[in-house]
Amino acid sequence: MDFEPSHSNQLIGKMSDTNKPYVCTLSKELQEKAKKELHETPEGREQGLKALREKTHTRPDIKFRTDDAFLLRFLRARKFDVNRAFKNLVAYYEIRHEYPEVFDNLEVDKLKYIWEGGLEGRFDGRDNEGRFIGFFRPGKLDVDKYSVKDMARASVLSTEKLLENEEAQISGVVMIGDFADYTAKHAIHNGPSFARMMMSISESAMPIRSKGVHFVNTPSIFEAGMAIWSVFMTEKMKKRVKVHGDEYGTLHKYIPSAALPSDYGGTQPEITECSKKWMQELQAWEKRYHDENAMYGIPKMKDALGKDKTVDPGGGLVGTFRKIEL
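Letter by letter, the sequence shown follows residues 85 to 410 in the working numbering.
Structure (structure tokens):
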């Protein structure tokens, strides 16, 4: 995102005004769920969008995307608490700037091996609470050939795609972390710096309701790895972690077999087929994602050596992102 910094968001506001206002097409059941769990009402939605949009003017260093559909993701993720939603929105752009190696030049075709190998994706169907189901299999990554950051890049694309679905915004998502074939070599590549980055992205930046993680096929080294990753998890997320080992029967207590692939004792196609199907959906959606988001973010400047730098409202350089409490 190489564009000139703006000292106001007036242009962005004018561009957003051309977007059609939000029209609710949620089922009665989802509307009731949104009201009960997220405090969302038609009146509150309108007021929240207005207040959140106004807050974007307090950060002239960021070019915000401010259409209704986009901002609603953040309001729903933070249960219509406008202040927390704005912190999430700011973190979304700051973390993208902090990790350009993950967020810049995201292209599905450059990561095809991820989905063709069944390393990451989404299953059709829902868990017992009606939540979407995603999965990742870090032990299947050839760390001698590929970077673990490719897994992060694939995860970002999948999450962004899922966030366009209003049902996912309201009901949330659960993940299955399959650690089959995970070795000490994988653990080295998934160390503290990578864990910190992934937790920053998943818990601070992405406006997704993460409702839990189910770990399966966990080797002996898994426990040591979790000790590191848990340092960067919120207390709420730690309580939502379930470890099943290789016992799929306990997994079925949370996710019905009808929503799981045959690899986990379910009735859906095997994981690689589910992953390839998801890749096709990503490929069909990718252009729209880039078209809608390319012009937004923290503007990059060039210093005397031609390196990227970023100017903040006070005239200094934006510092390294550490943690944003939401």
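Using N, Cα and C, we set each Cβ at its ideal position, and we do this for glycine too.
For the ligand FAD, is there a heavy atom less than 7 Å away from the beta-carbon of residue i?
i	result
GLY333	By its list of ligands, the structure shown contains no ligand whatsoever, and the ligand FAD lies outside what it can speak to.
Give the single residue among the options whose Cα lies nearest to the Cα of residue i.
i	options	result
TYR338	ASN167, VAL227, SER242, VAL257	VAL257
ASP193	PRO222, LEU241, GLY329	LEU241
TYR332	LYS119, HIS298, THR150	HIS298
GLY381	VAL327, ASP188, LYS245, GLU213	ASP188
ALA368	PRO105, ARG324, LYS245	LYS245
ASP234	LEU114, GLU138, PRO184	PRO184
PRO231	GLU250, ILE198, LYS323	Pro is not the amino acid found at residue 231; the sequence shown has Ser there. With distances taken between Cα atoms, SER231 lies closest to ILE198.
Does the distance from the CB of residue i to the CB of residue j come in under 8 Å?
i	j	result
TYR176	ALA289	yes
ARG237	LEU173	no
LEU335	VAL300	yes
LYS229	GLY201	no
ARG221	LEU203	yes
ARG280	SER255	no
LEU133	LEU155	yes
ASP262	PHE219	yes
ALA161	TYR106	no
ARG137	THR150	yes
SER111	GLY205	no
Taking all protein chains shown into account, decide if residue i is buried (16 or more other Cβ within 10 angstroms of its Cβ) or exposed.
i	result
THR140	buried
MET283	buried
ILE272	exposed
GLN352	buried
ARG293	buried
SER286	buried
LYS119	exposed
THR267	exposed
THR302	buried
ARG129	buried
GLY275	exposed
MET415	Any property of residue 415 remains undetermined from this structure, which presents the chain solely from 85 to 410.
GLY350	buried
HIS328	buried
Using DSSP bridges, identify the partner residues of residue i.
i	result
VAL257	PHE216, SER294
PRO345	GLN352
GLU204	PHE220
PHE299	GLY261, VAL327
ARG210	PHE216
GLY381	LYS147
If I measure Cβ to Cβ from residue i and keep anything under 7 Å in the same chain, skipping five residues before and after, which residues do I get?
i	result
ARG157	LEU247, GLN253, PRO291
THR243	MET290, ILE292
VAL227	LYS269, HIS270, HIS273
For residue i and chain B, any beta-carbon pair shorter than 8 Å?
i	result
ILE217	Absent from the structure: chain B. Only one protein chain is present.
Apart from the five residues just before and just after residue i, which ones in its own chain have a Cβ nearer than 6 Å to its Cβ?
i	result
LYS295	ARG215, GLY256, VAL258
THR356	GLY202
GLY309	ALA271
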